[in-house]
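Protein chains: 4
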Amino acid sequence: MNKNRLEAFSDGVLAIIITIMVLELKTPEGTNFNALLKLFPIFISYVLSFIYVGIYWNNHHHMMHTVKKVTGGILWANLHLLFWLSLIPFATAWIGEHNFAPFPMFSYGFVLLMCGVAYNILQNQIIKTQGENSLLSKAVGKDFKGKISPVLYLVAILSTYYHEVFSGIIYILVALMWLIPDKRIEKIIDNE
Amino acid sequence: MNKNRLEAFSDGVLAIIITIMVLELKTPEGTNFNALLKLFPIFISYVLSFIYVGIYWNNHHHMMHTVKKVTGGILWANLHLLFWLSLIPFATAWIGEHNFAPFPMFSYGFVLLMCGVAYNILQNQIIKTQGENSLLSKAVGKDFKGKISPVLYLVAILSTYYHEVFSGIIYILVALMWLIPDKRIEKIIDNE
Amino acid sequence: MNKNRLEAFSDGVLAIIITIMVLELKTPEGTNFNALLKLFPIFISYVLSFIYVGIYWNNHHHMMHTVKKVTGGILWANLHLLFWLSLIPFATAWIGEHNFAPFPMFSYGFVLLMCGVAYNILQNQIIKTQGENSLLSKAVGKDFKGKISPVLYLVAILSTYYHEVFSGIIYILVALMWLIPDKRIEKIIDNE
Amino acid sequence: MNKNRLEAFSDGVLAIIITIMVLELKTPEGTNFNALLKLFPIFISYVLSFIYVGIYWNNHHHMMHTVKKVTGGILWANLHLLFWLSLIPFATAWIGEHNFAPFPMFSYGFVLLMCGVAYNILQNQIIKTQGENSLLSKAVGKDFKGKISPVLYLVAILSTYYHEVFSGIIYILVALMWLIPDKRIEKIIDNE
Numbered sequence: 383m384n385k386n387r388l389e390a391f392s393d394g395v396l397a398i399i400i401t402i403m404v405l406e407l408k409t410p411e412g413t414n415f416n417a418l419l420k421l422f423p424i425f426i427s428y429v430l431s432f433i434y435v436g437i438y439w440n441n442h443h444h445m446m447h448t449v450k451k452v453t454g455g456i457l458w459a460n461l462h463l464l465f466w467l468s469l470i471p472f473a474t475a476w477i478g479e480h481n482f483a484p485f486p487m488f489s490y491g492f493v494l495l496m497c498g499v500a501y502n503i504l505q506n507q508i509i510k511t512q513g514e515n516s517l518l519s520k521a522v523g524k525d526f527k528g529k530i531s532p533v534l535y536l537v538a539i540l541s542t543y544y545h546e547v548f549s550g551i552i553y554i555l556v557a558l559m560w561l562i563p564d565k566r567i568e569k570i571i572d573n574e
Numbered sequence: 383m384n385k386n387r388l389e390a391f392s393d394g395v396l397a398i399i400i401t402i403m404v405l406e407l408k409t410p411e412g413t414n415f416n417a418l419l420k421l422f423p424i425f426i427s428y429v430l431s432f433i434y435v436g437i438y439w440n441n442h443h444h445m446m447h448t449v450k451k452v453t454g455g456i457l458w459a460n461l462h463l464l465f466w467l468s469l470i471p472f473a474t475a476w477i478g479e480h481n482f483a484p485f486p487m488f489s490y491g492f493v494l495l496m497c498g499v500a501y502n503i504l505q506n507q508i509i510k511t512q513g514e515n516s517l518l519s520k521a522v523g524k525d526f527k528g529k530i531s532p533v534l535y536l537v538a539i540l541s542t543y544y545h546e547v548f549s550g551i552i553y554i555l556v557a558l559m560w561l562i563p564d565k566r567i568e569k570i571i572d573n574e
Numbered sequence: 383m384n385k386n387r388l389e390a391f392s393d394g395v396l397a398i399i400i401t402i403m404v405l406e407l408k409t410p411e412g413t414n415f416n417a418l419l420k421l422f423p424i425f426i427s428y429v430l431s432f433i434y435v436g437i438y439w440n441n442h443h444h445m446m447h448t449v450k451k452v453t454g455g456i457l458w459a460n461l462h463l464l465f466w467l468s469l470i471p472f473a474t475a476w477i478g479e480h481n482f483a484p485f486p487m488f489s490y491g492f493v494l495l496m497c498g499v500a501y502n503i504l505q506n507q508i509i510k511t512q513g514e515n516s517l518l519s520k521a522v523g524k525d526f527k528g529k530i531s532p533v534l535y536l537v538a539i540l541s542t543y544y545h546e547v548f549s550g551i552i553y554i555l556v557a558l559m560w561l562i563p564d565k566r567i568e569k570i571i572d573n574e
Numbered sequence: 383m384n385k386n387r388l389e390a391f392s393d394g395v396l397a398i399i400i401t402i403m404v405l406e407l408k409t410p411e412g413t414n415f416n417a418l419l420k421l422f423p424i425f426i427s428y429v430l431s432f433i434y435v436g437i438y439w440n441n442h443h444h445m446m447h448t449v450k451k452v453t454g455g456i457l458w459a460n461l462h463l464l465f466w467l468s469l470i471p472f473a474t475a476w477i478g479e480h481n482f483a484p485f486p487m488f489s490y491g492f493v494l495l496m497c498g499v500a501y502n503i504l505q506n507q508i509i510k511t512q513g514e515n516s517l518l519s520k521a522v523g524k525d526f527k528g529k530i531s532p533v534l535y536l537v538a539i540l541s542t543y544y545h546e547v548f549s550g551i552i553y554i555l556v557a558l559m560w561l562i563p564d565k566r567i568e569k570i571i572d573n574e
């Protein structure tokens with residue numbers, strides 16, 4: 383059972399997800415700077431979500447690199463992850479079109495949280511197939527970023543009760559934290 | 383004649399089909415929970431169709447695994463399958479936007495039925511090319527799920543005459559039946 | 383210079399072209415059979431164009447099979463072909479939404495004609511690179527279908543002056559002619 | 383770390399970018415030549431942007447050909463390039479729908495400029511990984527076209543202050559300059 387098609391299909395879905403978000407940037411009604419400026423919240427939400435989908439693609443790429451055998455469990459855990467990722471354009475459009483209002487920000491965080499949960503389920507499925515001594519198992523052993531992210535999403539979601547700006551700051555911080563490339567898996571592979 | 387491009391093209395079409403359905407989830411007009419709640423029927427229909435397309439991708443992946451030689455017949459049977467699958471987003475939007483009304487539910491079942499028929503035509507084309515003793519031929523020999531599905535779709539279609547809720551339940555049950563990964567082909571390949 | 387990426391990119395564009403046409407099938411306004419029936423012209427134009435794009439994908443697949451070296455000329459001739467193919471969804475929507483009116487039918491034929499011309503340019507670029515004794519050169523030597531198609535498109539375009547139904551019949555006949563799988567290239571490859 | 387998935391993902395995004403631009407060509411309201419003629423500015427802007435995305439795909443294809451090891455830096459520089467390229471459909475729609483008005487033409491040039499900058503960043507990341515004696519490093523040594531393009535974009539952007547027609551001419555000239563296939567990398571690879 384080869385993993386090429388799993389990667390190709392995931393790449394296709396991720397490429398579409400990342401690109402349909404730009405359809406939210408509708409043509410401005412006027413032809414001056416002010417007309418463009420009105421799109422600023424939508425643009426900002428696009429940048430943030432583009433980075434998040436990029437992070438998932440990047441991590442997915444690294445994680446799949448360690449997979450040797452694709453089981454039914456991995457296939458469906460992967461589709462489950464793609465399902466939640468496919469809701470990012472929806473949540474992105476909502477926060478962008480409504481100036482980062484509290485409940486849309488809450489929902490955006492919820493989608494990110496579910497993406498994180500789905501990513502962990504996929505990771506566990508892969509480790510289950512490969513055994514506890516696998517490359518991936520070692521790599522995620524001290525997975526600080528993977529463990530702290532869902533906690534931060536939860537804090538962000540709850541913080542929308544006080545002010546949505548807190549959640550916005552947390553979403554940006556988590557993205558920045560992940561932008562730093564994940565050296566863990568690369569290192570262990572190099573050491574083998 | 384290699385099968386890589388057939389798989390790549392099918393993956394591309396399936397990835398787009400699965401992702402354009404999410405475009406139906408239009409941005410809510412308000413920013414509260416009630417505004418989101420109005421999208422619930424569209425969300426439910428999206429989840430159901432996402433699972434169906436996922437099942438087709440999964441089974442297509444398994445079936446193509448047994449193909450060695452791509453003939454013109456297989457190419458066109460595959461395009462025929464993709465045609466009916468491409469109508470799933472349309473039928474999904476219709477049932478979602480009109481609260482699962484009887485005739486849209488009838489049409490949704492009809493599209494699923496035609497997808498099932500097209501899948502069987504493709505399967506027969508592959509078996510015809512490979513001979514009766516092929517891996518796939520053995521695998522589908524006792525293909526209970528493949529044989530019962532069209533019957534269940536037909537029952538679901540007809541049941542919309544009495545109440546659309548019956549068809550809804552059947553669509554969910556068939557999806558659940560297929561979610562259980564198809565071990566048949568995997569087993570026979572392992573035994574070879 | 384490898385051809386895999388050329389094929390992958392072309393497959394991606396063709397997969398998107400074939401799938402965005404289905405976006406024209408907008409959700410019916412009602413929930414009965416009459417509401418669905420109104421979409422019939424759009425559905426018919428979708429079926430026809432789906433077959434045309436399928437034919438191009440199929441033939442492209444066969445033709446690329448004979449390519450060994452991708453030159454700049456082949457790259458751009460391929461992009462030129464994709465450009466004209468990308469206009470098929472536009473022409474399809476126009477004839478479907480306006481009940482096959484004469485000028486849209488004229489335009490549809492023009493797009494098909496330009497696709498055919500672009501396909502021939504790509505074919506010539508490939509033959510030029512491979513020499514007159516190449517597989518492809520032999521295969522297209524007696525290329526009856528390739529030579530008669532542009533003539534038929536021209537006749538169809540001009541016939542819209544009298545009645546658009548003539549052009550419609552010709553578009554269907556050309557599609558049927560191509561649906562018969564192209565055995566020429568397959569045969570010569572097998573004979574080598 | 384293999385580059386196949388990086389190429390596949392980039393191809394997917396580029397294929398979608400190039401194809402969603404055609405969605406701007408909305409069905410004409412009438413069925414005569416005048417109705418079609420109204421779309422002429424949108425069509426022209428589509429042709430121009432199609433060529434630009436084609437150029438980027440072509441050059442990306444050549445540049446990636448020289449990459450042996452994909453680092454985190456290359457991954458993110460590539461995503462950064464895709465981000466700016468994904469804004470081309472937006473800028474294209476704006477100039478097309480507003481008859482090439484000055485500020486949209488300014489913005490179109492800005493997006494092209496940023497694409498050029500992002501392309502150079504990616505190029506530098508690749509050279510950094512491969513060392514100063516790499517194939518790519520030699521190839522871009524006298525990279526006249528790569529160095530003059532950003533300057534020309536800047537001139538075009540500033541020229542919109544006087545008249546937008548100047549910027550339009552420059553955008554066309556830069557596209558034509560790049561249409562001539564880049565023989566540099568091909569040559570050096572052949573000489574090795």
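Protein chains in written order, with my numbering: chain A, 383 to 574; chain B, 383 to 574; chain C, 383 to 574; chain D, 383 to 574.
All C-beta atoms in this analysis are idealised placements derived from N, C-alpha and C, irrespective of residue type, glycine included.
| Query | Result |
| --- | --- |
| Contact set for Ile539 (chain A): own chain, Cβ-Cβ below 8 Å, skip 5 residues either direction | Phe488, Gly491, Phe492, Leu495 and Ser549 |
| Below-9 Å beta-carbon distance, Thr448 (chain B) vs any chain A residue | no |
| Interface flag, Val429 (chain A) vs chain D, CB-CB below 9 Å | yes |
| Identity of the residue in C:Ile551, C:Leu561, C:Leu534 and C:Ile508 nearest Ile456 (chain C) by Cα | C:Ile508 |
| CA-to-CA distance, Ile399 (chain A) to Leu444 (chain A), given in whole angstroms | Checking the sequence, you will find His at residue 444 (chain A) rather than Leu. Rounded to whole angstroms, His444 (chain A) to Ile399 (chain A) spans 19 Å at the Cα level. |
| Own chain, CB closer than 6 Å to Thr542 (chain B), minus 5 neighbours either side, in chain order | Pro484, Met487, Phe488 and Ser549 |
| Straight-line Cα distance separating Met446 (chain C) from Val388 (chain B) | Looking at the sequence provided, one finds Leu at residue 388 (chain B) rather than Val. Whole-angstrom Cα-Cα distance: 13 Å. |
| Where Val587 (chain B) falls, given that 16 or more other Cβ within 10 Å makes a residue buried | Outside the modelled stretch of chain B, which goes from 383 to 574, sits residue 587 (chain B), for which no answer is possible. |
| As assigned by DSSP and simplified to three states, the class of Thr591 (chain D) | Coverage of chain D is limited to positions 383 through 574, which leaves residue 591 (chain D) absent and any answer about it impossible. |
| C-alpha distance - Ser516 (chain A) paired with Leu534 (chain B), whole-angstrom precision | 43 Å |
| Reference Trp439 (chain D); option with closest CA among D:Ala390, D:Lys420 and D:Ala475 | D:Ala390 |
| Residue-chain proximity (Phe425 (chain B), chain C), Cβ-Cβ < 9 Å | no |
| Val435 (chain D) classed as buried or exposed, judged by whether at least 16 other C-beta atoms fall within 10 angstroms | buried |
| 8 Å Cβ shell around Gln505 (chain D) - same chain, five flanking residues per side excluded | Met445, Leu518, Val522 and Gly528 |
| Of the listed residues A:Ile424, A:Val499 and A:Asp393, nearest to Pro471 (chain A) (C-alpha basis) | A:Ile424 |
| Within 9 Å, strictly: CB atoms of Ser392 (chain A) and Leu464 (chain A) | yes |
| Pair within 9 Å by beta-carbon distance, Thr401 (chain C) and Trp476 (chain B) | no |
| Simplified DSSP state of His447 (chain D), which is helix, strand or coil | coil |
| Neighbourhood of Leu430 (chain B) by C-beta, 8 Å cutoff - its chain only, sequence neighbours within 5 removed | Thr474, Tyr553, Ile554 and Ala557 |
| Span of the alpha helix (DSSP H), counted from its first residue to its last, around Glu479 (chain B) | Ile470 to Glu479 |
| Proximal residues to Thr559 (chain C) (C-beta, below 7 Å), its chain only, five neighbours per side dropped | Just to set this straight, residue 559 (chain C) is Met in the shown sequence, not Thr. Same-chain partners within the cutoff: Lys527. |
| C-alpha distance - Ile437 (chain C) paired with Asn460 (chain D), whole-angstrom precision | 34 Å |
| Amino acids of chain D, ordered along the chain, whose beta-carbon sits closer than 7 Å to that of Ser468 (chain C) | Thr401 and Val404 |
| Contact list for Trp439 (chain C) against chain D, beta-carbon separation under 7 Å | Under the 7 Å cutoff, chain D gives no residues; its nearest Cβ is about 13 Å from Trp439 (chain C). |
| Boundaries (first-last residue) of the alpha helix (DSSP H) holding Lys529 (chain D) | Phe526 to Ser541 |
| Nearest-angstrom Cα separation, counted from Glu411 (chain D) out to Val537 (chain B) | 43 Å |
| Reduced DSSP category for His545 (chain D) - H, G, I as helix; E, B as strand; rest coil | coil |
| Option nearest Ser532 (chain D) by Cα separation, candidates D:Ala417, D:Lys420, D:His480 and D:Ala500 | First, the residue type needs correcting, since residue 532 (chain D) is Pro and not Ser in the sequence shown. It is D:Ala500. |
| Enclosing alpha helix (DSSP H) for Gly412 (chain C) [first to last residue] | Neither: Gly412 (chain C) is in no alpha helix (DSSP H) and is coded neither H nor E. |
| Contact set between Leu418 (chain A) and chain B, taken where Cβ atoms lie within less than 7 Å | In chain order: nothing, as chain B lies at least about 20 Å away. |
| Contacts of His443 (chain D) in chain C (Cβ-Cβ under 7 Å) | Arg387 |
| Assigned exposure category for Ile551 (chain C) - 16 Cβ within 10 Å defines buried | exposed |
| Buried or exposed by the 16-neighbour rule on C-beta atoms within 10 Å, applied to Gly513 (chain C) | exposed |
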